[in-house]
Structures are given as structure tokens and as C-alpha cells.
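Visitor: Below is the structure I would like to discuss, written out as C-alpha cells.
2 protein chains.
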Amino acid sequence: MERAVVLLSGGLDSATALAWARARGWECHALTVDYGQRHRIELEAARRVARALGAASQRVVAADLRAIGGSALTDAIEVPRDRDPAAMGHGIPVTYVPARNTVFLGLALGLAETLGARDLVAGMNALDYSGYPDCRPEFVRAFETLARLATRAGVEGGAFEVHTPLMSLDKAGIVRLGASLGVDFGLTHSCYDPADDGAACGRCDACALRLKGFREAGLADPARYAVAPSVPDRG
Amino acid sequence: MERAVVLLSGGLDSATALAWARARGWECHALTVDYGQRHRIELEAARRVARALGAASQRVVAADLRAIGGSALTDAIEVPRDRDPAAMGHGIPVTYVPARNTVFLGLALGLAETLGARDLVAGMNALDYSGYPDCRPEFVRAFETLARLATRAGVEGGAFEVHTPLMSLDKAGIVRLGASLGVDFGLTHSCYDPADDGAACGRCDACALRLKGFREAGLADPARYAVAPSVPDRG
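Those sequence lines, one after another, are chains A and B.
Be aware that the first sequence starts at 235, since it is given in the working numbering, and climbs by one per residue.
Be aware that the second sequence starts at 235, since it is given in the working numbering, and climbs by one per residue.
Pasting the structure below:
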């Protein structure tokens, strides 16, 4: 069985990406990065999702991006709330974590090299994304080039492929794809700023995009929210 | 003053790279990665070197490559000893750490983005290197392309430059350059497999290359060795 390394954050995007890779028949090794994110509950969600979707293994690798700072997700910067999802594609928000996907894909590449895998899977998407530069297709292609030059496998003539099955889907499309692949979205966690009991805030960009996705897909979001979601209904 | 991020391992190469960057007049922010290396004493050496060479700051960032394994430097694999330096350019040795420089440069890129720096400095060299694919010029150029696509600075039209002042120098050339820039090599640590008291083994690839470099440069290596170095004299 072909082996793949899947970046798994515990959110609905990466859970859907893992389900997509499993549906291709791949033996999936999930890699979760503990980068010092303030929303620690995400790490627990990743463990649950990996188990539920039949990952062959799951690792949590520490890479402390707090020491680098510069983001509302790792530093003493306020997470924005109540932004209009329609405005999120414009500009790079403070939740952008400098070089996060370069480091994450680098770790996935190292694990792939160790396991003899040539396929990396990640849940990035450029359509309904939050304006992160390292979620764009041109970034992914540049990483593939780098991966070939960085590794023993590349020197020996091999190549790595970075699969991003959600790249051209909007959030509703991701919800539909995940539902069709049997993802239990109740196990996933998306909120950047959850309450102490794990309830999603319903107001950060991640909650707003998620709620918009479920609403447009015509499905109920099983996540638990601390307050009634405040996203305006544009349907 | 222009700011630069310098990858500083605590070895003689990265110490020389830091001295080179300081000699250019740059405000240097040293980044040391605690990747779970078995030779932990390297981290102490990095602190000493950063202080001695006037780095504006020094950070130790944890990125646990032990969870990925696949290398004699992070996993339960024996460090090779008593190899002929002339043979080291052939093949990739077991001390290769999968995707290490991709992760290290990714972390440096994140810090540069946070600090507003556009220059990264690293001590890689392709001539007297130990056969690591991610020490080659083509890898460095591919990383620059990736960096432009991965970052806020790149989206805004900026570019990052990865300086590798040692790329085309052999170990003797690096020793000469470091000496001319006032590097105190007694503060540096190169050995992959030091004794408990910190003495270098004198027999691993890193020791063998270092000793060869000092010998060919006609200088004494101030490092403390556990045993009389066993490298054959080819002078």
C-alpha cells in the first residue's frame, strides 16, 4: 500500500484532506505540529480525527513558533472577531503565522523521507482562505521543487508530490466533500480562540468561515459554540 | 543598521558565518535550533559564540526532529567513526537529518519576517560537506524562491536573500576565514558524539573534517579531544 504523510491540525480542512487520502487507499501517517498555538485543544482534536479516520500512525511534533512570534496565534496579539467573511480574502490578517507552512511541510518532508513516502497531503485552500501567502498553489509548487533538491530521495531521482485536494474548494465545498467521505465534523476543532471548556467562540475568522461553509452547504455544524454565532446571514 | 537572521549551531562553520555577517555591519539575530540532537553541548556553544561575536539577540527554538528520526544525530543509529575524509563526499551518510535545513531555514524565515529582516545567513558548504543534499547551492536558490512565495514580505514585493559565505570554501578555507575575522574557535563545538564531559571524540565525520581543516590551514585546533585524533596525516 502506498504511504502518505498527512498534515493534520485537527480542523475540518485537514480532517477532510485525511479522509480524501484514505479514500485513495493510501496508508496515511498523520503529522500534527505543536507549534505553541494558543488553541491547544486542536491537538486533542487531531488525535481523535486520526483515530476515527484510520490513520496508520499519528505523531505530534513540537516546533515552537512562539519563540518567533509575529502572529495572533502564537504571540500576545488579539485574535480578530466579528469580521465579515467576504472581507477576509483581502490582506493578510494578524492570525498569519510567519513561515508556518514552510516549517510544517518541512517536517512532513522529513517524515516522508524517513518512512519512504513520496506523497504529502495538506488541507490548504486558496479560495476561501484567510489571505495566507503560504496557502497558494504557487507556494505548493515551489515547495515540491525544494523537496526534490533537499532530500536523499530527490538525489536518487525521486520526487515528492504535495497534494492539496481542497485548494480550489470554498468552505461549503470542503464541508460537502468531508461529509461525502464520512468525516465526523463533531471531532474537529477550528476556533482560534476557544473558551476554557473547549467551546468555539463563533466570532474569529476560523469560526466565521466554518459557519459560512456549513450554512452554504445546507448542513448543521456539530461543533459546540460558546455564544450564538454572530455571522450575518447572507443566504 | 540592516538586520539579518543567522542560523547558529555552535559549530565552527556557523560561527564563521556569523562573524562574516557581523563584519558586513549587520545587526545579527542568531537562531539556534534545538532539534533533539544527541550532541546537546552544541546548544551551549551557540550561546557562547553569539555573545562573543556580538549578536544582537540569540534564540533557541525547539523543533523536535527526534519524532521524525531517520538519522544518527537524532535516532538510535550509530555515528560513524574513523572514515577517511577523502571518502566523505561520496554518498549521503547516516548523519544526514531528513529535511533539516528546510525546517531550519523555515524557522529563520519566520523570524526574519517577524523582525523585518530580508537577509538570512547560514554556514552551509558544498565543497568539504558530508554529502548532505540540503547543503547545495541549488537547494539554497530554491529556498529563496519559496521564501518569496511563502511570506507577507514577498506578497508585498520584497525578497529574501540566503547568504552562504562558506559555500565554496573547503574546511581549511573556513578556518582561515574564521581566524581572519577573529572567531575564537575554542568556543565552538563540532563533534557529533562528544564525551559526557564535552570532549570531542576526534573520530566522527565532523571531527575528522574539522581536524583536516585546521591541519591544512596550518593552525592549531583549540578544541579538547577525548583521544589523540586518529585522522591519517595526508599533508
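For glycine and all other residues, C-beta sits at the position ideal for the given N, C-alpha and C.
As the structure is a computational prediction, the values presented were derived from the model and not from experiment.
May I ask you to report which of helix, strand or coil DSSP gives B/CYS262?
Guide: strand
Visitor: Roughly how many angstroms lie between the CA atoms of B/ARG468 and A/GLU276, to the nearest whole one?
Guide: Note that B/ARG468 has pLDDT 47, beneath the 50 cutoff, so the model's placement of it is unreliable and no number is given.
Visitor: CB-CB under 7 Å to A/GLY416, same chain, minus the five flanking residues each way: which ones, in chain order?
Guide: Excluding residues up to 5 positions away in sequence, ALA253 lie with their Cβ nearer than 7 Å to the Cβ of A/GLY416 in the same chain.
Visitor: Taking all protein chains shown into account, decide if B/PRO367 is buried (16 or more other Cβ within 10 angstroms of its Cβ) or exposed.
Guide: buried
Visitor: Please report the straight-line C-alpha distance between B/GLU390 and A/PRO314, rounded to a whole angstrom.
Guide: Rounded to the nearest angstrom, the two C-alpha atoms are 22 Å apart.
Visitor: Quick one, which of B/ALA384, B/THR398, B/LEU241 has its alpha-carbon nearest B/ARG370's?
Guide: B/THR398
Visitor: Quick one: using the 10 Å Cβ neighbour count with 16 as the cut-off for buried, is A/PRO428 buried or exposed?
Guide: buried
Visitor: Contact criterion: CB-CB distance below 8 Å. Does B/LEU361 meet it with respect to chain A?
Guide: no
Visitor: Locate the alpha helix (DSSP H) running through B/GLU276, then write down its first and last residues.
Guide: Per DSSP, the unbroken alpha helix (DSSP H) holding B/GLU276 starts and ends at 275-286.
Visitor: Counting only C-beta atoms, is A/ILE275 closer than 8 Å to chain B at any point?
Guide: No - not a single Cβ of chain B is within 8 Å of the one on A/ILE275.
Visitor: In chain order, what residues of the region 411-440 of chain B put their CB closer than 9 Å to some CB of chain E?
Guide: No chain E appears in this structure, whose protein chains are A and B.
Visitor: If I'm right that A/ALA290 touches A/GLU261 with Cβ under 8 Å, what's the distance once you round it to whole angstroms?
Guide: Yes, they are in contact, since the Cβ atoms of A/ALA290 and A/GLU261 sit about 5 Å apart, within 8 Å.
Visitor: Terminal residues of the continuous beta strand (DSSP E) containing A/ASP247?
Guide: No beta strand (DSSP E) contains A/ASP247, which is instead part of the alpha helix (DSSP H) from 246-257.
Visitor: Put B/LEU241 into one of helix, strand or coil per three-state DSSP.
Guide: strand
Visitor: Taking Cβ to Cβ, would you say A/ARG256 is nearer than 8 Å to A/GLY288?
Guide: yes
Visitor: Classify A/LEU361 as helix, strand or coil using the three-state DSSP reduction.
Guide: coil
Visitor: Using a Cβ-Cβ cut-off of 8 Å (strictly less than) and excluding sequence neighbours within five positions of B/THR308, which residues of its own chain qualify?
Guide: TYR269, GLY270, GLN271, ARG272, LEU299, ARG300, ILE302, VAL331
Visitor: From B/VAL374 to B/VAL328, what does the alpha carbon distance come to, in whole angstroms?
Guide: Taking the straight line joining both Cα atoms gives about 22 Å.
Visitor: Please list the partners that A/VAL337 has in chain B, where partner means a Cβ-to-Cβ separation under 8 Å.
Guide: ALA297, VAL337, GLY340, LEU341, GLY344
Visitor: Strictly by DSSP, which residues pair up with B/ARG293?
Guide: B/LEU265
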